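One structure is given here, and the rest of the page talks about it.
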Amino acid sequence: MQQKLITFAVPCYNSAAYMRHCIETLLSAGEQAEIILVDDGSPDNSGKIADEYAAANPDMIRVLHIDNGGQGRARNFALDIAKGDFVGFVDSDDWVTHDMYEKMYTCATETGADVVVCDFLERFVDGRESVLPASLQDNWLGSAGSSCNKIFRRSLIGELRFPVGLWYEDFYFSAVMLLRSKHTEFIAEPLYIYRRGQESTMHNNNAVKNLDVLTIMDMLEKEMLPAGHKDDFEFFLVNHVLLDSISRLAKQDAPERKEVIGKLRQYVQAKIPKLSGCGSYKKESRKRRLIMWMNYHGLEDAGQLVLKVNKKLHGQ
Numbered sequence: 000m001q002q003k004l005i006t007f008a009v010p011c012y013n014s015a016a017y018m019r020h021c022i023e024t025l026l027s028a029g030e031q032a033e034i035i036l037v038d039d040g041s042p043d044n045s046g047k048i049a050d051e052y053a054a055a056n057p058d059m060i061r062v063l064h065i066d067n068g069g070q071g072r073a074r075n076f077a078l079d080i081a082k083g084d085f086v087g088f089v090d091s092d093d094w095v096t097h098d099m100y101e102k103m104y105t106c107a108t109e110t111g112a113d114v115v116v117c118d119f120l121e122r123f124v125d126g127r128e129s130v131l132p133a134s135l136q137d138n139w140l141g142s143a144g145s146s147c148n149k150i151f152r153r154s155l156i157g158e159l160r161f162p163v164g165l166w167y168e169d170f171y172f173s174a175v176m177l178l179r180s181k182h183t184e185f186i187a188e189p190l191y192i193y194r195r196g197q198e199s200t201m202h203n204n205n206a207v208k209n210l211d212v213l214t215i216m217d218m219l220e221k222e223m224l225p226a227g228h229k230d231d232f233e234f235f236l237v238n239h240v241l242l243d244s245i246s247r248l249a250k251q252d253a254p255e256r257k258e259v260i261g262k263l264r265q266y267v268q269a270k271i272p273k274l275s276g277c278g279s280y281k282k283e284s285r286k287r288r289l290i291m292w293m294n295y296h297g298l299e300d301a302g303q304l305v306l307k308v309n310k311k312l313h314g315q
């Protein structure tokens, strides 16, 4: 297969109901793109659908059939054979706008960017839509949560791969790539459509797996502190552990949630003994600082009540 400008890596698992739509939107990129569909040992017809599209589009689509090993591992298989100058990751139950490829690749080539990031459009099962900005903070690392709304220069990826068997593997990969990037560009348009309503890794009731974030943070610490990124590491701590992970767990009813929250809080407290002295914390909005402070001091349930009252007051 000839050199391609961009590779879309698409893990497929139990997504037969959605993946045709996903693939059709990616085909709009034309033959300068390649689509690698990775059948992750899916028990439904995902693999057959992938083969069907590959047969009809042999110059664009390649299929890998592997035993089930999770999304990160499936993406790694695609990375090993990707031929594009840039690589993007798309979940097979989501889709992209018809001009996502054109806008993001053009931005990268015109600016020399290593990473280009766009906003999300959340689409709910009842038809509601909501634009989700790439980052809620001024810090450019605030967009590290997902790899799906980005394209990455393949030469910069090098040997970097997604951690296997861990939650938050997406966060790790995106964080490292943003740290490596000498030039990152943002497109303030929702070019990636995220289907909400189905259960995802980050929206299920498995409390204990949230502790994987501490393994990910240990990995990032080894990357970041020797390179002088202590402030950026603390930014990840207060946003991804103290705010996001603890707040998500506080909404669950899993019996282990309190124990897991306690371990997450202790981790943050050990790394940041005085929250008020943390520069990243002080730069956050008043609302986010309040919830972070409550989570840090064991008041996460009260913090959720504050959020509920705030939403009610604003008619959300």
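Note that numbering that gives the first Met the number 0 has the sequence shown beginning at 0, numbered continuously upward. Note that beta-carbon positions come from the ideal geometry of N, C-alpha and C, so glycine has one too. The structure presented is a predicted model; accordingly, all values stated were derived computationally and were not measured.
Go through its chain and collect everything with a Cβ distance to residue i's Cβ below 6 Å, but skip five positions before and after it.
i	result
Ala16	none
Quick check on the burial criterion: 16 or more other C-beta atoms within 10 angstroms. Buried or exposed for residue i?
i	result
Glu33	buried
Leu224	exposed
Gln265	exposed
Ala133	buried
Arg285	exposed
Glu168	buried
Ala77	buried
Met293	buried
Gly87	buried
Ala107	buried
Asn238	buried
In chain order, what residues of the same chain have a beta carbon less than 7 Å from the beta carbon of residue i, not counting five sequence neighbours either side?
i	result
Val89	Phe7, Val9, Cys21, Leu25, Val95 and Cys147
With distances taken between CB atoms, is the gap from residue i to residue j smaller than 8 Å?
i	j	result
Lys149	Val116	yes
Gln2	Lys82	yes
Arg127	Arg194	no
Val212	Gly69	no
Val267	Tyr295	yes
Leu155	Asp113	yes
Ala28	Tyr100	yes
Leu298	Lys262	no
Leu242	Met291	yes
Leu36	Ile5	no
Could you name the residues of the same chain whose beta carbon sits closer than 8 Å to that of residue i, not counting the 5 residues immediately before and after it, in chain order?
i	result
Gly323	Residue numbering for the chain in the displayed model covers 0 to 315; residue 323 lies beyond these limits and cannot be assessed.
Lys282	Gln136, Asp137 and Asn138
Asn75	Arg160, Phe161 and Val163
Leu131	Asp118, Phe119, Leu120, Glu121, Pro189 and Tyr193
Thr110	His182 and Glu184
Asp300	Ala249
Can you give me the C-alpha to C-alpha distance between residue i and residue j, rounded to a whole angstrom?
i	j	result
Ala143	Met18	25 Å
Asp125	Gly227	46 Å
Glu23	Ser145	22 Å
Lys310	Pro189	24 Å
Phe234	Tyr280	7 Å
Met216	Leu236	8 Å
Leu248	Leu304	14 Å
Ser129	Tyr191	12 Å
Lys229	Lys273	15 Å
Gly196	Leu140	27 Å
Ser91	Ile80	19 Å
Leu221	Phe232	A small fix is needed here, since residue 221 is Lys in this sequence, not Leu. Straight-line Cα distance between these residues: approximately 10 Å.
Leu323	Val240	Coverage of the chain is limited to positions 0 through 315, which leaves residue 323 absent and any answer about it impossible.
Val207	Glu255	7 Å
Gly278	Tyr104	35 Å
Rounded to the nearest angstrom, how far is the Cβ of residue i from that of residue j, given a contact under 8 Å?
i	j	result
Asp84	Arg153	6 Å
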